[in-house]
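Heads up: the structure comes next, in structure tokens.
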Amino acid sequence: DVKVTQSSRYLVKRTGEKVFLECVQDMDHENMFWYRQDPGLGLRLIYFSYDVKMKEKGDIPEGYSVSREKKERFSLILESASTNQTSMYLCASRDGLAFSSYNEQFFGPGTRLTVL
Amino acid sequence: AQSVTQPDIHITVSEGASLELRCNYSYGATPYLFWYVQSPGQGLQLLLKYFSGDTLVQGIKGFEAEFKRSQSSFNLRKPSVHWSDAAEYFCAVAASGNTGKLIFGQGTTLQVKP
Chain E
1 DVKVTQSSRY
11 LVKRTGEKVF
21 LECVQDMDHE
31 NMFWYRQDPG
41 LGLRLIYFSY
51 DVKMKEKGDI
61 PEGYSVSREK
71 KERFSLILES
81 ASTNQTSMYL
91 CASRDGLAFS
101 SYNEQFFGPG
111 TRLTVL
Chain W
117 AQSVTQPDIH
127 ITVSEGASLE
137 LRCNYSYGAT
147 PYLFWYVQSP
157 GQGLQLLLKY
167 FSGDTLVQGI
177 KGFEAEFKRS
187 QSSFNLRKPS
197 VHWSDAAEYF
207 CAVAASGNTG
217 KLIFGQGTTL
227 QVKP
């Protein structure tokens, strides 16, 4: 069964802390995504990666960075967390060509991050 | 710029009643369209997608959607709602220019009354 797992379901951090959100997929997918989900705004793409060490900015990359050292793992990094980064973060993976949307994205359960 | 609009933030229907969730998109060419569902505490799951061909698309869990180019719509329907359908539903369109990205609507929360 296809699986995308995220390291934490809930996380509470303080302003200014460095935060790591981890995502692992077991489907050997080339493409992985990080979204944030906010009420009334739907999902917005932060970054995506189409191969190891390759990344593309999404619509809201400011304040975030990513790392993909292994195919199955994609990390989202908040270098200095701020209160406006309090949100639900969703990871997804997709098979197929990097710049094609044909295949389904598979999502993890999400990490609800609160920054105090 | 491309966009997806789901006009209804919340919808409440009685169990057994029919359901229609609205989705409107802005896109110049023929869009790739998707409906995802997010059950409480879960990630998103694909219900169905439209790329070309028959404008009425069948999905999982008894859902269907109809692509109407003239109305720029891709509404999701189900003839008889079950309590387990209570969830948040997202419409999405593939971004133009072969970017591999999806643009999501704001989401519609469905509540099912017994």
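First to last, the sequence lines map onto chains E and W.
Everything in the first sequence is counted per this note's numbering, starting at 1 for the first residue and increasing by one.
Everything in the second sequence is counted per this note's numbering, starting at 117 for the first residue and increasing by one.
C-beta atoms are modelled at their ideal positions from N, C-alpha and C, and glycine is treated no differently.
In the DSSP assignment, find the beta strand (DSSP E) that holds His103 (chain E) and state where it starts and stops. On the first sequence, position 103 is the one that residue 103 (chain E) refers to. Reading off the sequence, residue 103 (chain E) comes out as Asn, not His. Element bounds for Asn103 (chain E): n/a, residue is neither H nor E.
Should the stretch 16-29 of chain E be called in touch with the stretch 196-206 of chain W, which here means at least 3 C-beta pairs below 8 Å? no
How is the beta strand (DSSP E) around Ile46 (chain E) delimited, first residue to last? The residue labelled residue 46 (chain E) in the question sits at position 46 within the first sequence. Unbroken beta strand (DSSP E) run through Ile46 (chain E): Gly42 to Asp51.
Here's the rule I'm using: 16 or more other beta-carbon atoms within 10 Å means buried, otherwise exposed. How should Gln122 (chain W) be labelled? What you label residue 122 (chain W) is simply residue 6 of the second sequence in a count that begins at 1. The C-beta of Gln122 (chain W) has 16 or more other C-beta atoms within 10 Å across all chains shown, which makes the residue buried.
Show which residues of chain W have a CB atom less than 9 Å away from the CB atom of Tyr50 (chain E). By one-based count along the first sequence, residue 50 (chain E) stands at place 50. Simply Gly216.
Starting from Glu56 (chain E), trace the beta strand (DSSP E) in both directions and tell me its first and last residue. Mapped onto the first sequence, residue 56 (chain E) falls at position 56. Glu56 (chain E) -> beta strand (DSSP E) spans Met54 to Lys57.
Among the residues of its own chain, which have a CB less than 7 Å from the CB of Val120 (chain W), if the five just before and after it don't count? Along the second sequence, read from residue 1 onward, the residue named residue 120 (chain W) stands at position 4. So the list reads Cys139, Tyr141, Cys207, Ala208, Val209, Ile219, Phe220 and Gly221, once near-sequence residues are dropped.
Name the DSSP bridge partner or partners of Arg73 (chain E)? Here residue 73 (chain E) refers to the residue found at position 73 when the first sequence is read from its first residue. E:Val24 and E:Lys70.
Any beta carbon of chain W sitting closer than 8 Å to that of Pro109 (chain E)? Here residue 109 (chain E) refers to the residue found at position 109 when the first sequence is read from its first residue. For Pro109 (chain E), the answer is yes, since a Cβ of chain W falls inside 8 Å of its Cβ.
Does DSSP put Ile176 (chain W) in a helix, a strand or coil? Here the question's residue 176 (chain W) lines up with position 60 in the second sequence. Collapsing the DSSP output to three states places Ile176 (chain W) in a helix.
Cutoff 8 Å; reference Ala211 (chain W); Cβ partners in own chain excluding five residues on either side: The residue labelled residue 211 (chain W) in the question sits at position 95 within the second sequence. Only Gln118, Lys217, Leu218 and Ile219 meet the Cβ criterion.
Please decide whether Ala210 (chain W) counts as near chain E, where near means a Cβ-Cβ distance under 8 Å. Here residue 210 (chain W) refers to the residue found at position 94 when the second sequence is read from its first residue. Yes - at least one Cβ of chain E is within 8 Å of the one on Ala210 (chain W).
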